[in-house]
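One structure is given here, and the rest of the page talks about it.
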Amino acid sequence: MLLYYLRTFLPWILLAVVSGWNDQAGAAAGLAAALVLLAQDLRKGHRLDSLILELSTIVFMALLTALAFAAPDSSLLDYGASMAIGWLALTAWGTVLAGRPFTEGVGRRDVADEIAATDLFKRITTVIAIVWAVSFTVMALVLAYVQHAAPDNTALLVAVKIAGFSVPIVFTARYPEIAQKRYFARHGIDRETVR
């Protein structure tokens, strides 16, 4: 799972690292990585509903690249980290509000169709998407504040990002098992018979 997240967020990591030297190069590197990863996923046969974050990443990176080249002195570029995470928050909230949380398509990669069709699966993926959306929202707001008040405090910016991603990653790894145990206990289902 950790590799999935590292791979999914690689364009964002490249954006953050390379933009430290040059905004245009950072945006272009993020866009190039996003396009390559999407092409690989499509070649592997992944369904589009499991690639919502990847598609959203391409849109953001394309817009940011256009801004970086059209207006390289724009003050908006000073808030690249908070804008990027804010975009992810909008994406996550949008999928939740649309009733199709981005985590549902991702979760389908690892389960049988019968399990993906259950209410339990849908509840679990919705809760996980909400946790990601909240984390992205809080992280974007904190990053915006730090980028405004202490833009040169790289250690604080990195700490905010690490904390902001760590919480939902750990939650995503642990919550499905916890939710299943609660569901089975509430309904008197023996877990061994389900396996």
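Residues 12 to 206 in the numbering used here are what the sequence shown spells out, letter by letter. Think of the CB as a built atom: it goes at the ideal place given N, C-alpha and C, for glycine as much as any other residue.
* If you pair each beta-carbon of the stretch 79-88 with each one of the stretch 97-117, do three or more pairs fall below 8 Å? -> no
* To do: Would you kindly check if the distance between the Cβ of T76 and the Cβ of A27 is under 8 Å?
  => Residue numbering aside, residue 27 sits at position 16 when the sequence shown is read from its first letter. Residue numbering aside, residue 76 sits at position 65 when the sequence shown is read from its first letter. No, they are not a contact pair.
* Of the residues R193, P179, G199, V157, which one's Cα is nearest the Cα of S93? -> Taking the sequence shown and counting its residues from 1, the one referred to as residue 93 is at position 82. It is V157.
* Would you report the Cα separation of S146 and K172, rounded to the nearest angstrom? -> The count along the sequence shown starts at 1 and reaches residue 146 at position 135. The count along the sequence shown starts at 1 and reaches residue 172 at position 161. So the two alpha carbons sit approximately 10 Å from each other.
* **Cutoff 6 Å; reference G10; Cβ partners in own chain excluding five residues on either side** => Limits of the chain in this structure are 12 at one end and 206 at the other, which puts residue 10 out of reach.
* Asked: Which runs of the alpha helix (DSSP H) fall wholly inside the stretch 39-112 and span at least 4 residues, in chain order?
  -> 63-81, 91-108
* Determine the extent of the alpha helix (DSSP H) in which I126 is found, giving its start and end residues. => Counting from 1 along the sequence shown, the entry for residue 126 is found at position 115. Looking at the DSSP string, the run of the alpha helix (DSSP H) that includes I126 is 124-127.
* **Inter-residue spacing [alpha-carbon to alpha-carbon] between L46 and V117** => Translated into positions along the sequence shown, residue 46 becomes position 35. Translated into positions along the sequence shown, residue 117 becomes position 106. Each residue's Cα considered, the two are about 18 Å apart.
* **Contact check, A144 vs A100, beta carbons under 8 Å** => Counting from 1 along the sequence shown, the entry for residue 144 is found at position 133. Counting from 1 along the sequence shown, the entry for residue 100 is found at position 89. Taking 8 Å as the Cβ cut-off, A144 and A100 qualify as a contacting pair.
* Buried or exposed: G56, going by 16 or more other Cβ atoms within 10 Å of its Cβ? -> Start at 1 with the first residue of the sequence shown, and residue 56 comes out as number 45. Result: exposed.
* Alpha carbon to alpha carbon, how far is A50 from L62? Give it in angstroms, no decimals. => In the sequence shown, counting from the first residue as 1, residue 62 sits at position 51. In the sequence shown, counting from the first residue as 1, residue 50 sits at position 39. Near 11 Å, if we compare the C-alpha coordinates of A50 and L62.
* Taking the Cβ atom as the reference point for each residue, do F113 and V122 lie within a distance shorter than 8 Å? -> Position 102 of the sequence shown, counted from the first residue, corresponds to residue 113. Position 111 of the sequence shown, counted from the first residue, corresponds to residue 122. Cβ atoms of F113 and V122: not closer than 8 Å.
* Would you call G175 buried or exposed, if buried means 16 or more other Cβ atoms sit within 10 Å of its Cβ? -> Within the sequence shown, numbered from 1, the residue matching residue 175 stands at position 164. Per the 10 Å Cβ criterion, buried.
* Counting only the same chain and skipping the five closest in sequence on each side, list residues whose C-beta sits under 6 Å from that of T183. => Your numbering for residue 183 matches position 172 in the sequence shown. Taken in chain order, the residues that qualify are I139.
* Residue interval of the alpha helix (DSSP H) (run including A151) -> On the sequence shown, position 140 is the one that residue 151 refers to. Segment 130-160, the alpha helix (DSSP H) holding A151.
* D34 vs G91 beta-carbon contact at 8 Å -> The residue given as residue 34 occupies position 23 in the sequence shown. The residue given as residue 91 occupies position 80 in the sequence shown. Yes, the pair counts as a contact, with Cβ atoms nearer than the cut-off.
* Asked: Hey, would you say I135 sits closer than 8 Å to A190, going by beta carbons?
  -> The sequence position of residue 135 within the sequence shown is 124, counting from 1. The sequence position of residue 190 within the sequence shown is 179, counting from 1. Contact: yes.
* To do: May I have the straight-line CA-CA distance separating T68 from G199, to the nearest angstrom?
  => Locating residue 68 in the sequence shown gives position 57, where the first residue counts as 1. Locating residue 199 in the sequence shown gives position 188, where the first residue counts as 1. Distance between the alpha carbons of T68 and G199: 42 Å.
* To do: Specify the secondary structure class of I200 as computed by DSSP and reduced to three states.
  => Numbered from its first residue, the sequence shown carries residue 200 at position 189. The answer is coil: DSSP assigns I200 none of H, G, I, E or B.
* By Cβ distance, which residues of its chain are closer than 7 Å to T148, with the 5 residues on each side in sequence left out? -> Residue 148 sits at position 137 when you count from the first residue of the sequence shown. Here the set comprises A100.
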